[in-house]
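Presented below is the structure to which this report refers.
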Amino acid sequence: MLLRIEDTDRERSSAQNVDQILDALQWLELDWDGEAVSQYENRDAHAEAIDRLLASGHAYHDLAEGDEVRAWKAKHGNRGYRGTRRDEPGAAVRLRVPDGGDTVVSDLLRGEVAFPNESQDDFVIARGDGTPLYNLAVAVDDARMGVTDVVRGDDHLSNTPKQVLVLTALGVAPPRYTHLPLLHGPDGKKLSKRHGAPSVQELRDKGYLAAAVRNYLALLGWGSDDDTTLMSTDELVRRFDLARVGRSAAIFDERKLRWLNGRFMRELPLDDYMAAVVGHLERAGNGVPADRELLARACAIAQDKAQTLDEVWPLIRFAFGERADAAKARRKFGGPDSAPLLRQAADVLAGVEPFEAAPIEAALAAVLEREAVKPNALYQPIRVALTGTTISPGIFESLAIIGRANALKRLGAALAAMESSQGPSLG
Numbered sequence: 033m034l035l036r037i038e039d040t041d042r043e044r045s046s047a048q049n050v051d052q053i054l055d056a057l058q059w060l061e062l063d064w065d066g067e068a069v070s071q072y073e074n075r076d077a078h079a080e081a082i083d084r085l086l087a088s089g090h091a092y093h094d095l096a097e098g099d100e101v102r103a104w105k106a107k108h109g110n111r112g113y114r115g116t117r118r119d120e121p122g123a124a125v126r127l128r129v130p131d132g133g134d135t136v137v138s139d140l141l142r143g144e145v146a147f148p149n150e151s152q153d154d155f156v157i158a159r160g161d162g163t164p165l166y167n168l169a170v171a172v173d174d175a176r177m178g179v180t181d182v183v184r185g186d187d188h189l190s191n192t193p194k195q196v197l198v199l200t201a202l203g204v205a206p207p208r209y210t211h212l213p214l215l216h217g218p219d220g221k222k223l224s225k226r227h228g229a230p231s232v233q234e235l236r237d238k239g240y241l242a243a244a245v246r247n248y249l250a251l252l253g254w255g256s257d258d259d260t261t262l263m264s265t266d267e268l269v270r271r272f273d274l275a276r277v278g279r280s281a282a283i284f285d286e287r288k289l290r291w292l293n294g295r296f297m298r299e300l301p302l303d304d305y306m307a308a309v310v311g312h313l314e315r316a317g318n319g320v321p322a323d324r325e326l327l328a329r330a331c332a333i334a335q336d337k338a339q340t341l342d343e344v345w346p347l348i349r350f351a352f353g354e355r356a357d358a359a360k361a362r363r364k365f366g367g368p369d370s371a372p373l374l375r376q377a378a379d380v381l382a383g384v385e386p387f388e389a390a391p392i393e394a395a396l397a398a399v400l401e402r403e404a405v406k407p408n409a410l411y412q413p414i415r416v417a418l419t420g421t422t423i424s425p426g427i428f429e430s431l432a433i434i435g436r437a438n439a440l441k442r443l444g445a446a447l448a449a450m451e452s453s454q455g456p457s458l459g
C-alpha cells in the first residue's frame, strides 16, 4: 500500500491536515510501504509531463473560460468542448480528447464502463500559471509510483476516464481500478455531518478499539462466505476479497460499531483490557489510579458491561472513592422507604466471611427470601449508596471490591441521609 498526500492545493494542505491523516492511519495500524509521497513535491515531474503532452500535440494552450466554453457547446449541440490553440500569456493547458469512440474504464466491481469521447470536454490539465490540476497530477504520480491498483470511492468514477486519457497520451498503461460505493447513514442518505459522521480521531476519543473499527469498516459492503462478524485483522487479511464487495451503498451505523466494539472488549485478555483503559484515560487527560492491582480488579468486573473504553471509568470510579451524583437515582431508591431493607443488608454484610462475591450474594439472597421482595428493591438502594447511580458492575462484585469497611461506611451514610429524608450522602 502506497501513501500519497495529494497536497497540490496549498491552501487546504496544511501541516495539521497532513498530521491528521498520518495520525488516523497509524492509530488504525494501517501501515504503508516506503515513505509517504507529497504530490506537491512531484511538481517538476508534472511540469515535465505537461511539456511532453504539448510537444506531442496531445495538449494545447487555450484561453477559453466558462462563458466561452458554454457558448461553444450550445452552438455545437452540447458536444464536448473542443478549443483552438492559443499560445498566449495566461492560457490554460487542455488535453485533446479523441472525437470518436469511447474511453473505457475497466472496473473490478462494475466491469467495463464506457465514456463517449464526444461528450467529454478537452479538459484543463494545467492552469494559466502552469500549476497542474488534479487529474494530471494523479495520473502522473500513479505512473511514477508504479501503482497497479487504485481503490477509491465511486464519486471519483467520473474522474477516471480523464486520468486514463492522460496516461494513454503519455504512453503508460493505466492501473486497475475499483470504485467502491460510498457510505450512507442509517437513513439511506450519503454520510455527512448531519448524521454526526465521526472522524477516526473522534472514534478513538470515544473509546473505540482500533481492531474493532478495522473489523467494522471491512464489513461495510462486504461479508465472508459464512457471514462471520468478529474477525481478527489477520483473518480479515486472509479472507477479504475485493471482488465480493457489493455495488450498493453501505450503511455506517455507529450503534452496530458500538456493539461490535463491546464484543472485542469482552474478549480482550485482562492485561490488554487494562492497558487500553489506561491509554484512554491518559489521552483524555484524566488521572490514572496509582493502585494498579485495584484497577485490574475493577476492570475485571466492568469488562462484561462496558461497550467502549469511555464507559469504563464511570462504571469503576466508585472503587476509587468517586461517586456519581444522580439525583433521579436518589429520589427513586434513596427515600425512607428503602431504609429498613438497607439496614438489614448492612447487618448481614457485617458478618459475611470471607467478604467475597459468592458469600455476599448468599447473605443478601437470605434477606430477599426473608422479606419476600424482588431483587431490585434491595440491590438498587445498595447500588445507589455505593456508586451514586443505578448503573454499575455486578452488585456483589462491587461490594467485594471496595471491601467491608468502605461498604458499611457508605451504607451507613446512605441510611443516615434516608432517615433525615435528604437522599444518599456523597460523603
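Residues in the sequence shown are numbered consecutively from 33, following the working numbering. The beta-carbon is built from N, C-alpha and C at its ideal position, and this holds for glycine as well. Predicted, not measured: the structure shown is a model, and the values here were computed from it.
With a 10 Å radius around its C-beta and 16 neighbouring C-beta atoms as the bar for buried, classify residue i as buried or exposed.
{"i": "M450", "result": "buried"}
{"i": "S46", "result": "exposed"}
{"i": "I423", "result": "exposed"}
{"i": "N408", "result": "exposed"}
{"i": "F405", "result": "First, the amino acid is wrong: residue 405 is Val here, not Phe. Burial call: exposed."}
{"i": "R442", "result": "buried"}
{"i": "A398", "result": "exposed"}
{"i": "L302", "result": "exposed"}
{"i": "G294", "result": "buried"}
{"i": "S430", "result": "buried"}
{"i": "V416", "result": "buried"}
{"i": "V309", "result": "buried"}
{"i": "S452", "result": "exposed"}
{"i": "V384", "result": "buried"}
{"i": "S370", "result": "buried"}
{"i": "A395", "result": "buried"}
{"i": "L262", "result": "exposed"}
{"i": "P148", "result": "exposed"}
{"i": "N110", "result": "exposed"}
Using 8 angstroms for Cβ pairs, my map puts residue i next to residue j. What's the rounded Cβ distance?
{"i": "A27", "j": "R176", "result": "For the chain, the structure presents residues 33 to 459; residue 27 sits outside this window and is missing."}
{"i": "H90", "j": "R117", "result": "In fact, because the Cβ distance is near 12 angstroms, the residues do not count as touching under 8 angstroms."}
{"i": "V344", "j": "C331", "result": "7 angstroms"}
{"i": "L241", "j": "F296", "result": "5 angstroms"}
{"i": "T340", "j": "K238", "result": "6 angstroms"}
{"i": "G160", "j": "A124", "result": "5 angstroms"}
{"i": "I434", "j": "A351", "result": "6 angstroms"}
Are residue i and residue j close, meaning C-beta to C-beta below 8 angstroms?
{"i": "P193", "j": "V137", "result": "yes"}
{"i": "L447", "j": "L410", "result": "no"}
{"i": "R126", "j": "I157", "result": "yes"}
{"i": "A338", "j": "T419", "result": "no"}
{"i": "D273", "j": "H211", "result": "no"}
{"i": "F284", "j": "L326", "result": "no"}
{"i": "Q152", "j": "V170", "result": "no"}
{"i": "G66", "j": "L95", "result": "no"}
{"i": "A281", "j": "L215", "result": "yes"}
{"i": "A334", "j": "L313", "result": "no"}
{"i": "L381", "j": "I392", "result": "yes"}
{"i": "E150", "j": "G132", "result": "yes"}
{"i": "L202", "j": "R315", "result": "no"}
{"i": "F387", "j": "A445", "result": "no"}
{"i": "I414", "j": "A377", "result": "yes"}
{"i": "K105", "j": "Y113", "result": "yes"}
{"i": "T40", "j": "P230", "result": "no"}
{"i": "Y209", "j": "V182", "result": "yes"}
Smallest Cα separation from residue i: which of the options?
{"i": "V198", "options": "T135, A417 and E38", "result": "T135"}
{"i": "L500", "options": "D119, K288, L274 and K222", "result": "Residue 500 lies beyond the stretch modelled for the chain, which goes from 33 to 459, so this question has no answer here."}
{"i": "E267", "options": "A275, V277, R276 and S256", "result": "S256"}
{"i": "D173", "options": "L189, V204 and G143", "result": "V204"}
{"i": "G278", "options": "L141, T421 and E80", "result": "L141"}
{"i": "D336", "options": "V145, W291 and A243", "result": "W291"}
{"i": "T265", "options": "L34, I427 and A250", "result": "A250"}
{"i": "L54", "options": "R436, Q233, I433 and D219", "result": "Q233"}
{"i": "P218", "options": "T421, R246, A417 and R287", "result": "R287"}
{"i": "W254", "options": "T180, P213 and D51", "result": "P213"}
{"i": "R44", "options": "Y72, G444, P121 and E61", "result": "Y72"}
{"i": "L289", "options": "R246, W64 and V310", "result": "R246"}
{"i": "A328", "options": "N318, D342, Y305 and G317", "result": "Y305"}
{"i": "E38", "options": "D259, D187, N167 and G178", "result": "N167"}
{"i": "N191", "options": "V179, N110, E97 and F155", "result": "F155"}
{"i": "D186", "options": "G178, R298, V145 and T180", "result": "V145"}
{"i": "S88", "options": "S231, N438 and T200", "result": "T200"}
{"i": "R375", "options": "L440, R298 and D181", "result": "L440"}
{"i": "Y92", "options": "E299, A322 and G162", "result": "G162"}
{"i": "D379", "options": "R324, T421, A437 and E97", "result": "A437"}
{"i": "N318", "options": "R298, D342 and Q48", "result": "D342"}
{"i": "L300", "options": "A243, R75, A79 and P425", "result": "A243"}
Jot down the residue ranges of each uninterrupted beta strand (DSSP E) in the stretch 52-98, minimum 3 residues, whole runs only, in chain order.
As far as the stretch 52-98 is concerned, its whole beta strand (DSSP E) runs of at least 3 residues are 91-94.
Sequence ranges, beta strand (DSSP E) only - wholly within the stretch 120-186, length at least 3
Those beta strand (DSSP E) runs which fall completely within the stretch 120-186 and span 3+ residues are 124-127, 134-139, 143-148, 156-158 and 181-185.
Entirely within the stretch 342-411 and at least 4 residues each: give me those alpha helix (DSSP H) ranges in chain order.
DSSP assignment within the stretch 342-411 yields the following whole alpha helix (DSSP H) runs of 4 residues or more, N-terminal first: 344-348, 359-365, 371-381 and 389-403.
Uninterrupted beta strand (DSSP E) stretches inside the stretch 259-325 (no shorter than 3 residues):
Under the rule that a run must span 3 or more residues, no beta strand (DSSP E) segment is found entirely inside the stretch 259-325.
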